[in-house]
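Undergrad:
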Amino acid sequence: MNDINEKNAGLSIKLENLTKIFTDKRGNETLAVDALNVVIPPGQLVSLLGPSGCGKSTTLYMIAGLLRPSDGKIYFGDNDVTRVSPDKRGIGLVFQNYALYPHMTVRQNILFPLENMNIQREEALKLALEMAELVGISDQLDKKPAELSGGQQQRVAIARALVKKPDVLLLDEPLSNLDARLRLQMREEIKRIQRETGITTIFVTHDQEEAMSISDLMIVLDFGKEQQMDSPQQIYYNPKNMFVAKFLGSPPINTSTAEVINKEIKINGLVLDKTNAKDGKYNIGIRPEDFRIVQNGVFNFKHDEVEIEVIGRDTMIRFNFGGSQVRAIVDSDSILDKDELSIGV
Ligand code: ATP
Numbered sequence: 004m005n006d007i008n009e010k011n012a013g014l015s016i017k018l019e020n021l022t023k024i025f026t027d028k029r030g031n032e033t034l035a036v037d038a039l040n041v042v043i044p045p046g047q048l049v050s051l052l053g054p055s056g057c058g059k060s061t062t063l064y065m066i067a068g069l070l071r072p073s074d075g076k077i078y079f080g081d082n083d084v085t086r087v088s089p090d091k092r093g094i095g096l097v098f099q100n101y102a103l104y105p106h107m108t109v110r111q112n113i114l115f116p117l118e119n120m121n122i123q124r125e126e127a128l129k130l131a132l133e134m135a136e137l138v139g140i141s142d143q144l145d146k147k148p149a150e151l152s153g154g155q156q157q158r159v160a161i162a163r164a165l166v167k168k169p170d171v172l173l174l175d176e177p178l179s180n181l182d183a184r185l186r187l188q189m190r191e192e193i194k195r196i197q198r199e200t201g202i203t204t205i206f207v208t209h210d211q212e213e214a215m216s217i218s219d220l221m222i223v224l225d226f227g228k229e230q231q232m233d234s235p236q237q238i239y240y241n242p243k244n245m246f247v248a249k250f251l252g253s254p255p256i257n258t259s260t261a262e263v264i265n266k267e268i269k270i271n272g273l274v275l276d277k278t279n280a281k282d283g284k285y286n287i288g289i290r291p292e293d294f295r296i297v298q299n300g301v302f303n304f305k306h307d308e309v310e311i312e313v314i315g316r317d318t319m320i321r322f323n324f325g326g327s328q329v330r331a332i333v334d335s336d337s338i339l340d341k342d343e344l345s346i347g348v
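Okay, so the sequence shown: first residue is 4 according to our numbering, each after it adds one.
Structure follows, in structure tokens:
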């Protein structure tokens, strides 16, 4: 762990073949995390994203030391911490339910992790105040958790996790219990706190929009396996596989089989676009927002042949093509006063 008065410089985290198999009383096995190999650069905010049951929390708990891996190793910087106990790993943990001590004041909650350390009372109070200021609750120090809003309680939990100046901050769905407005506000706050402290942070969420907005890097998991680790932009625009493509985006990406013949992409005989890809069959995905209303587009409809839903500035057009429903999102202005719609990509 760093000197308690130092600003954190951030540590890298390396997961090497990290694996967790749960075995129940009858001997049935669940492969929760399947040979993860990941290097998280120092000072980054990385989200673990994936559907329910994909192994996000299990991965986080192994990094925290709360669960023992079945196989593989965990390094913080150059140190192999796989067998180091949680309190010696230099981590701060924040859970979904905040886990504050209800009988203690905010100040006492933040001070708690410092109790068994060899720190003078005055110094500890100074650190607690510094953390309370960092997370914006220094005017609430004498209150009990029950007297605070959900967002304020989560700020206390973050201050408490950071007071020992850990090398690594681990957050397990920290915003799930907050209402929509507070979630937005708190995710900006977490980003700010992470930038100001420079602490390497892992953030577990199943909310793709949250992950996209907050992360420097995202790790997408499915069935305990890494599907892609990249920046949010790369994950969205250059997904490595169909799972990643379909998991990200709302409304979801439209998918189809297509054929490339002489540099033309064809779906059901219609020429969709040009490409440099080799001739052959492909799975393709088109994001709803990649469609445009144009002069001579690929898809041509009368107004009553499609479903139109105005969502403010954007309009969603649903149409059938090749036996499946396609969703296109276009600028609402672009369909005004048009009897016939010509849609291009
Ligand atoms: P969620 O988003 O629903 O919290 P998750 O991605 O965090 O899901 P995990 O909680 O890591 O997923 O669970 C991964 C898999 O391991 C699931 O199949 C789950 O049922 C199983 N699992 C988790 N904890 C245990 C346990 N203590 N004993 C047995 N199986 C477990």
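Note that CB positions come from ideal geometry on N, CA and C, so glycine has one too.
Just checking my contact of P242 with S218 at CB under 8 Å: how many whole Å lie between their CB atoms?
TA: The residue you call residue 242 lines up with position 239 of the sequence shown. The residue you call residue 218 lines up with position 215 of the sequence shown. About 15 Å separates the two Cβ atoms, so there is no contact after all.
Undergrad: Between the Cα of D276 and those of L137, N299, V49 and D81, spot the shortest distance and give me the residue it belongs to.
TA: Position 273 of the sequence shown, counted from the start, is the residue given in the question as residue 276. Checking every option, the nearest Cα to that of D276 belongs to N299.
Undergrad: Are the beta-carbon atoms of Q156 and P169 separated by less than 8 Å?
TA: Translated into the one-based positions of the sequence shown, residue 156 becomes position 153. Translated into the one-based positions of the sequence shown, residue 169 becomes position 166. Contact flag unset, no.
Undergrad: Mind checking which residues open and close the beta strand (DSSP E) that includes Q328?
TA: For the purposes of this step, residue 328 is identified with residue 325 of the sequence shown, where counting begins at 1. Element bounds for Q328: S327 to D334.
Undergrad: Might you give, ordered along the chain, the residues of its own chain that have their beta carbon closer than 8 Å to the beta carbon of N20, omitting 5 neighbours on each side?
TA: Numbered from its first residue, the sequence shown carries residue 20 at position 17. Result list for N20: A38, L39, N40, D74, G75 and K76, in chain order.
Undergrad: Less than 8 Å between the beta carbons of I113 and R195, yes or no?
TA: Here the question's residue 113 lines up with position 110 in the sequence shown. Here the question's residue 195 lines up with position 192 in the sequence shown. Not in contact: I113 and R195 (Cβ atoms no closer than 8 Å).
Undergrad: How many Å lie between F98 and D175 at the Cα?
TA: Taking the sequence shown and counting its residues from 1, one reaches residue 98 at position 95. Taking the sequence shown and counting its residues from 1, one reaches residue 175 at position 172. Whole-angstrom Cα-Cα distance: 5 Å.
Undergrad: Relative to the alpha-carbon of D81, which residue among A135, M245, V42 and L69 has its alpha-carbon at the smallest distance?
TA: Counting from 1 along the sequence shown, the entry for residue 81 is found at position 78. Ranking A135, M245, V42 and L69 by Cα distance to D81 puts V42 first.
Undergrad: By DSSP, does I7 sit in helix, in strand, or in coil?
TA: The residue you call residue 7 lines up with position 4 of the sequence shown. A caution first: I7 carries a pLDDT of 49, below 50, which makes its placement in the model too unreliable to give a value.
Undergrad: Closer than 7 Å to a non-hydrogen atom of the ligand ATP - does that hold for the CB of D210?
TA: In the sequence shown, counting from the first residue as 1, residue 210 sits at position 207. No, the ligand ATP has no heavy atom inside 7 Å of this Cβ.
Undergrad: Can you tell me which residues form a DSSP beta bridge with T260?
TA: The residue labelled residue 260 in the question sits at position 257 within the sequence shown. Paired residues: N286.
Undergrad: So the alpha helix (DSSP H) S345 belongs to, where does it begin and stop?
TA: Locating residue 345 in the sequence shown gives position 342, where the first residue counts as 1. Per DSSP, S345 belongs to no alpha helix (DSSP H); it is in the beta strand (DSSP E), E343 to G347.
Undergrad: Give a yes or no on whether the C-beta atoms belonging to I256 and I296 are separated by under 8 Å.
TA: On the sequence shown, residue 256 is found 253 positions in, with the first residue counted as 1. On the sequence shown, residue 296 is found 293 positions in, with the first residue counted as 1. No, the Cβ-Cβ distance between I256 and I296 is not below 8 Å.
Undergrad: Roughly how many angstroms lie between the CA atoms of V274 and Q237, to the nearest whole one?
TA: Here residue 274 refers to the residue found at position 271 when the sequence shown is read from its first residue. Here residue 237 refers to the residue found at position 234 when the sequence shown is read from its first residue. Going by the C-alpha atoms only, they are around 27 Å apart.
Undergrad: Pick out whichever of G227, K341 and M65 has its Cα sitting closest to the Cα of S88.
TA: Reading the sequence shown from its first residue, position 85 is the one you call residue 88. Nearest option by C-alpha distance: M65.
Undergrad: Look at the alpha carbon of M134 and the alpha carbon of P45, and state the distance between them as a whole number of angstroms.
TA: As a position in the sequence shown, residue 134 is number 131, starting the count at 1. As a position in the sequence shown, residue 45 is number 42, starting the count at 1. M134 and P45: Cα-Cα distance of roughly 21 Å.
Undergrad: Please state the DSSP three-state secondary structure of F250.
TA: Numbered from 1 along the sequence shown, position 247 holds the residue referred to as residue 250. F250 falls in the helix class under three-state DSSP.
Undergrad: May I have all residues whose beta carbon comes closer than 5 Å to any heavy atom of the ligand ATP, sorted in chain order?
TA: Every residue passing the under-5 Å Cβ criterion appears here: F25, T33, A35, S55, G56, C57, G58, K59, S60, T61 and H209.
Undergrad: When you compare the stretch 21 to 30 with the stretch 194 to 213, are there three or more beta-carbon pairs, one atom per stretch, that lie closer than 8 Å?
TA: They do not touch, by the three-pair rule.
Undergrad: Which parts of the stretch 13 to 95 are runs of the beta strand (DSSP E), unbroken and 3 residues or longer, counting only runs that do not cross its ends?
TA: Here the runs fully enclosed are 16 to 26, 32 to 43, 48 to 52 and 74 to 79.
Undergrad: How is L224 classed by DSSP in three states: helix, strand or coil?
TA: Position 221 of the sequence shown, counted from the first residue, corresponds to residue 224. It is a strand residue.
Undergrad: So what does DSSP say about F324, is it helix, strand or coil?
TA: Here residue 324 corresponds to residue number 321 of the sequence shown, with the count starting at 1. Residue state, collapsed to three classes: strand.
Undergrad: Quick one: is Y104 buried, meaning 16 or more other Cβ sit within 10 Å of its Cβ, or exposed?
TA: The residue you call residue 104 lines up with position 101 of the sequence shown. Under this definition Y104 is an exposed residue.
Undergrad: Using the C-alpha atoms, what's the distance from I311 back to I161?
TA: Here the question's residue 161 lines up with position 158 in the sequence shown. Here the question's residue 311 lines up with position 308 in the sequence shown. If you take the alpha carbons of I161 and I311, they lie about 45 Å apart.
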